[in-house]
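Numbering-wise, the numbering used here comes out as the position in the sequence shown, counting from 1, plus 10. All residues carry an ideal CB built from backbone N, CA and C; glycine is no exception. Note that the coordinates shown come from a computational prediction; the quantities given were computed from them, not determined experimentally. Heads up: the structure comes next, in structure tokens.
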Amino acid sequence: RMIGALIMVHGDNSGLVLPPRIAPVQVMVVPVQQHKEGVPEAAQKICDALRDAGFRADIDVTDKRPGWKFAEAEMRGIPARVEIGPKDLEKGQFVAARRDNGEKVFLPLEQLETAVADLLDKGRMETTVSRCKEIAPMAEKMITLGKAGDLASYRQMLSFITREDVAKKVFDEIAPKYAD
């Protein structure tokens, strides 16, 4: 049930939208025009730097087109994507994309670790709060139809998908309505 609820809450028409905390891969590095000189090496260097910084990062070196790679990462629910191509290398930048809202930003390569950390943290908070607000009416209905132990189950579900302080805030708003 917990996994089903997780998928229900963290999904849209393009696939999963996983919070960084539970995503098996937090950042997918996608080399654009990887046949061009220097692009595969730069992408691997970026992936290694992200891993060294503590992120769960992976690189997509398949022969598929970039659009396919982007769609695959979206379907899998990977919270952030880093794109690097020959023009980006010339300019000393990379493209960072968020899974939750599709926002893309161009950032300097020197700020890679801090920019990705900010991107994941910003996305996590915005997504979590909006998703909790979306599921609150459903959870309230489940609580009213269920047993007394459902409040504890709801809090457990919230703490699984978000930070404990956010789960407590949402739970504290709902729980007093159903206290016996």
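Would you check if the distance between the CB atom of residue i and the CB atom of residue j is smaller than 7 Å?
| i | j | result |
| --- | --- | --- |
| A52 | L99 | yes |
| V49 | P96 | yes |
| G25 | E84 | yes |
What residue from the options has the CA that sits closest to residue i's CA?
| i | options | result |
| --- | --- | --- |
| M18 | R61, P50, G87 and V105 | G87 |
| Q43 | L130, R75 and T124 | R75 |
| F80 | Q54, K114 and R61 | K114 |
| E120 | L28, K55 and R31 | K55 |
Look at the alpha carbon of residue i and the alpha carbon of residue j, and state the distance between them as a whole number of angstroms.
| i | j | result |
| --- | --- | --- |
| P41 | C57 | 10 Å |
| K101 | A127 | 22 Å |
| A59 | H20 | 28 Å |
| K157 | D182 | Residue placement at K157 cannot be trusted, given a pLDDT of 47 that sits under 50; what the coordinates show is reported in the next sentence. Approximately 18 Å between the Cα atoms of the pair. |
| D22 | E47 | 37 Å |
| I13 | R31 | 15 Å |
| M63 | G77 | For the sequence presented, residue 63 should be read as Ala rather than Met. Cα to Cα, A63 sits roughly 27 Å from G77. |
| L28 | L130 | 11 Å |
State the beta-bridge partners of residue i as determined by DSSP.
| i | result |
| --- | --- |
| I94 | P41 |
| K114 | A107 |
| L26 | G21 |
| A67 | V37 |
Does the count of Cβ pairs from the stretch 101-110 and the stretch 69-78 closer than 8 Å reach three?
no
When you compare the stretch 29-39 with the stretch 78-93, are there three or more beta-carbon pairs, one atom per stretch, that lie closer than 8 Å?
yes
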